[in-house]
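Q: In the UniProt record's numbering, the protein residues as written are 1 to 443. All C-beta atoms in this analysis are idealised placements derived from N, C-alpha and C, irrespective of residue type, glycine included. This is the structure I have questions about; it appears just below.
So this is what it looks like as structure tokens:
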């Protein structure tokens with residue numbers, strides 16, 4: 001007989017199995033707890049009796065399920081149920097939360113939902129209460145109640161993973177692309193939950209660490225794009241690009257800053273083949289004055305490209321074109337958001353905006369008092385943004401995730417609605433390169 005135990009995020013066994021290593025300190029074969037299901041099945045398939053002491057599950061509450069899924073959500077759930085592990089990829093605004101809650105309702109086992117923001121903590125808790133008729137536990141933002149269905153932030157889960165790691169049979173990672181980051185990956189590795197679901201609009205990460213998701217959560221089991229849902233479940237949409245150029249003065253500065261950065265790379269024989277190479281320069285800047293000056297030059301050239309004067313002038317044309325339509329203007333940074341706010345007299349929402357003021361702005365946007373708002377990256381994830389029909393991108397990053405999240409802000413279905421996402425791009429600059437990298441997201 002084999003005995004399996006859980007100890008502070010680790011799986012312990014008195015017999016060897018693939019994935020386990022002997023620990024002299026623990027006097028047992030050990031691995032991160034997420035290997036539990038594979039190890040258990042290995043012994044069972046070998047015909048070896050197992051004394052399984054790993055899970056100490058919190059009782060599941062009595063629920064009444066009022067949730068009805070759309071056709072594509074049903075497909076997503078069925079794809080996941082085949083192995084009860086894996087990642088569901090759905091567009092922003094397509095109801096990933098509903099798929100997660102239905103998985104909880106279907107399995108009816110103690111369930112932990114891990115979310116990246118306090119807004120999502122509240123949203124998931126409210127949705128669970130509304131659809132399943134139970135008050136879930138909440139951990140994060142001053143809350144610290146654990147129940148049979150619990151919603152927790154990634155930060156809190158990181159701090160409590162050893163304590164909670166064997167208490168839940170199902171773990172749902174919302175915005176699962178956060179999980180592989182250096183700190184949060186422990187939340188996946190040190191939990192023993194046999195059933196695992198990841199939810200995201202795009203699992204891929206620029207640093208390549210999404211490769212860890214397959215082992216910790218499972219493979220992508222279904223991937224549905226915005227264009228597949230447009231018309232029936234999401235609004236029809238079109239994506240436009242309009243191009244502007246730097247002024248002669250901006251161009252002179254841009255070229256000077258770019259040259260300083262590229263000269264540094266040549267001198268140090270650094271080839272920029274991926275995000276990891278850029279990170280090398282960032283690390284060097286902490287102790288190397290020349291690297292620091294090169295990095296500052298890079299930031300200045302990016303600022304000029306993304307926040308060019310011509311973009312503000314083109315914005316005026318677009319606001320005239322879409323006059324009367326609910327419009328969200330997206331910027332890359334806070335300074336540009338406030339510049340737009342001052343120049344066009346529209347409210348700005350940034351990470352500096354107090355919570356009460358932000359809620360007031362969003363409510364006035366929802367009821368039509370405000371037709372236009374400008375936001376930096378605060379709308380990219382986890383914020384319940386009222387319906388809009390136009391999105392104007394003044395600046396962003398080169399990730400398809402951000403592009404999909406911004407598109408999702410204008411795709412709420414409405415009779416006769418055709419949403420428009422317009423990207424203003426500065427030609428011949430890094431802004432142009434970033435735009436090309438993220439453009440495949442909306443195909």
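Can you give the Cα-Cα distance for residue 255 and residue 301, rounded to whole angstroms?
A: In the chain shown, residue 255 corresponds to position 255, counting from 1. In the chain shown, residue 301 corresponds to position 301, counting from 1. Their Cα atoms are separated by approximately 8 Å.
Q: When DSSP labels each residue in this structure, what does residue 39 get in the three-state scheme?
A: Residue numbering aside, residue 39 sits at position 39 when the chain shown is read from its first letter. Note: residue 39 maps to helix in three-state DSSP.
Q: Determine which residues share a DSSP beta bridge with residue 223 and list them.
A: Your numbering for residue 223 matches position 223 in the chain shown. 89.
Q: With a 10 Å radius around its C-beta and 16 neighbouring C-beta atoms as the bar for buried, classify residue 418 as buried or exposed.
A: Reading the chain shown from its first residue, position 418 is the one you call residue 418. The residue in question, residue 418, is exposed, as its Cβ has fewer than 16 Cβ neighbours within 10 Å.
Q: Mapping the DSSP letters down to three states, classify residue 7 as helix, strand or coil.
A: For the purposes of this step, residue 7 is identified with residue 7 of the chain shown, where counting begins at 1. If DSSP states are grouped into helix, strand and coil, residue 7 belongs with the strands.
Q: Closest by CA to residue 258, which one among 429, 169 and 34?
A: Working through the chain shown from its first residue, we reach residue 258 at position 258. Out of 429, 169 and 34, 429 has the C-alpha closest to the C-alpha of residue 258.
Q: Below 8 Å on the Cβ atoms is my guess for residue 243 versus residue 114; work out the distance and round it to an integer in Å.
A: The sequence position of residue 243 within the chain shown is 243, counting from 1. The sequence position of residue 114 within the chain shown is 114, counting from 1. Not confirmed; about 41 Å, so no contact.
Q: Can you find the residues in the same chain that come closer than 8 Å, C-beta to C-beta, to residue 315, ignoring five residues on each side of it along the sequence?
A: Along the chain shown, read from residue 1 onward, the residue named residue 315 stands at position 315. Cβ neighbours of residue 315 beyond the five flanking positions: 329, 340, 344, 392, 394 and 424.
Q: Would residue 189 and residue 275 be called neighbours here (beta carbons separated by less than 8 Å)?
A: Residue mapping note: residue 189 aligns to position 189 of the chain shown, counting from 1. Residue mapping note: residue 275 aligns to position 275 of the chain shown, counting from 1. Not a contact, by the Cβ cut-off of 8 Å.
Q: Would you check if there are 3 or more beta carbon pairs closer than 8 Å linking the segment 151 to 159 to the segment 113 to 128?
A: Yes: at least three Cβ pairs fall under 8 Å.
Q: Report the rounded CA-to-CA distance for residue 355 versus residue 319, giving the unit in angstroms.
A: In the chain shown, residue 355 corresponds to position 355, counting from 1. In the chain shown, residue 319 corresponds to position 319, counting from 1. Their Cα atoms are separated by approximately 27 Å.
Q: With distance defined between alpha-carbon atoms, name the residue in 390, 210 and 305 nearest to residue 252.
A: As a first step, residue 252 is located in the chain shown; it is residue number 252 there, counting from the start. Measuring from the Cα of residue 252, the nearest candidate turns out to be 305.
Q: Taking just the CA atoms, how far does residue 268 sit from residue 387?
A: Indexing the chain shown from 1 puts residue 387 at position 387. Indexing the chain shown from 1 puts residue 268 at position 268. Cα to Cα, the separation comes out at about 49 Å.
Q: Can you name, in chain order, every residue of its own chain whose Cβ lies under 8 Å from the Cβ of residue 21, other than the five neighbours on each side?
A: Numbered from 1 along the chain shown, position 21 holds the residue referred to as residue 21. Closer than 8 Å at Cβ, skipping near neighbours: 29, 30 and 31.
Q: State buried or exposed for residue 68, treating a residue as buried only when at least 16 other CB atoms are found within 10 Å of its CB.
A: Start at 1 with the first residue of the chain shown, and residue 68 comes out as number 68. So residue 68 ends up on the exposed side.
Q: Measure the Cβ-Cβ separation of residue 132 and residue 101 and say whether it is below 8 Å.
A: To locate residue 132, count along the chain shown from 1; it is residue 132. To locate residue 101, count along the chain shown from 1; it is residue 101. In this structure, residue 101 lies closer than 8 Å to residue 132 by Cβ.
Q: Taking buried to mean at least 16 other C-beta atoms within 10 Å of its own C-beta, is residue 167 buried or exposed?
A: Within the chain shown, residue 167 is the residue found at index 167, counting from 1. Looking at its Cβ environment, which holds 16 or more other Cβ atoms inside 10 Å, residue 167 is buried.
Q: Going by DSSP, which residues form a beta bridge with residue 292?
A: As a first step, residue 292 is located in the chain shown; it is residue number 292 there, counting from the start. Partner(s): none; residue 292 has no beta bridge.
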